[in-house]
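Enquirer: The numbering of the sequence shown is this note's numbering, which starts it at 12 and goes up by one.
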Amino acid sequence: MLRLKLSAPYEQVYVYISLENPSTGQKLTIDAKVDTGAAVSIVPKSVVNELGLPSLGNCCFTMADGTPLMTEAQMCRLSFSDEDTIDTPIYVCNSESGVALLGMDVLRLCNFAQWHEWSDDEHSVYFEMELVGEEVVEMME
12 MLRLKLSAPY EQVYVYISLE NPSTGQKLTI DAKVDTGAAV SIVPKSVVNE LGLPSLGNCC
72 FTMADGTPLM TEAQMCRLSF SDEDTIDTPI YVCNSESGVA LLGMDVLRLC NFAQWHEWSD
132 DEHSVYFEME LVGEEVVEMM E
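Structure below.
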């Protein structure tokens, strides 16, 4: 389970995710933007190269502006903590920002909570995310 205190403004949520090459066990922790508007999760090509992730082949997407985009899918083990781990395809982008996007392909496998706490001198906002796994999602469908 991932739990974090958000800073103002609360418009964007960033989390640390661990990516692992399931073949070699090599791991890397990166910053990822939680993006409910993204259909798939993407990582920079530099991350894929560093981990040597196994390729699943090319696929084509249509960007929001209608532009076609050809990219490569890679298999990885993704986790927020040692307990929350899934094997999932992840897609490559040529972004130089170094920030990954955590899209709905992974987010649909999560439970979320957000809550507020007030004291006399502070208002705090907290965000919690936990992977529930494929089998739980299949039971809910």
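Glycine residues also receive a C-beta, built at the ideal position from the N, C-alpha and C atoms.
Does DSSP put Asp98 in a helix, a strand or coil?
Expert: If DSSP states are grouped into helix, strand and coil, Asp98 belongs with the strands.
Enquirer: In or out: Asp131 buried (at least 16 other Cβ within 10 Å) or exposed?
Expert: By the neighbour-count rule (16 or more Cβ atoms within 10 Å), Asp131 is not buried but exposed.
Enquirer: When burial is assigned at 16 or more other CB atoms within 10 Å of the CB, is Gln37 buried or exposed?
Expert: Gln37 comes out exposed.
Enquirer: Could you check what DSSP says for Glu31 in three-state terms: helix, strand or coil?
Expert: Residue state, collapsed to three classes: strand.
Enquirer: Report all residues from its chain with a CB closer than 8 angstroms to the CB of Thr73; omit the five preceding and five following residues, and keep chain order.
Expert: Excluding sequence neighbours, Thr73 sits near Pro79, Leu80.
Enquirer: Ignoring anything shorter than 4 residues or poking outside the stretch 47–80, list the alpha helix (DSSP H) runs there in chain order.
Expert: DSSP runs (the alpha helix (DSSP H)) wholly in the stretch 47–80: 56–62.
Enquirer: Taking 6 angstroms as the limit between beta carbons, can you name the residues of its chain near Lys56, skipping five residues before and five after?
Expert: Answer for Lys56: Val103, Asn105, listed in chain order.
Enquirer: Considering only the alpha carbon of each residue, which of Asp46, Thr82, Ile101, Ala49 lies closest to Ser29?
Expert: Out of Asp46, Thr82, Ile101, Ala49, Ile101 has the C-alpha closest to the C-alpha of Ser29.
Enquirer: Below 8 angstroms on the Cβ atoms is my contact criterion, and I expect Cys71 with Pro33 to pass it. Report the Cβ-Cβ distance as a whole number of Å.
Expert: With 8 angstroms as the limit, Cys71 and Pro33 do not qualify as a contact, their Cβ atoms being about 25 angstroms apart.
Enquirer: Apply the 10 Å Cβ neighbour rule to Glu152 and answer buried if 16 or more other Cβ atoms are within range, or exposed otherwise.
Expert: Bear in mind that a pLDDT of 45 at Glu152, under 50, signals an unreliable position, so the model cannot answer this.
Enquirer: What is the C-beta distance between Thr96 and Val117, in whole angstroms, given that I count them as a contact (C-beta under 8 angstroms)?
Expert: With a Cβ gap of about 12 angstroms, Thr96 and Val117 do not count as contacting.
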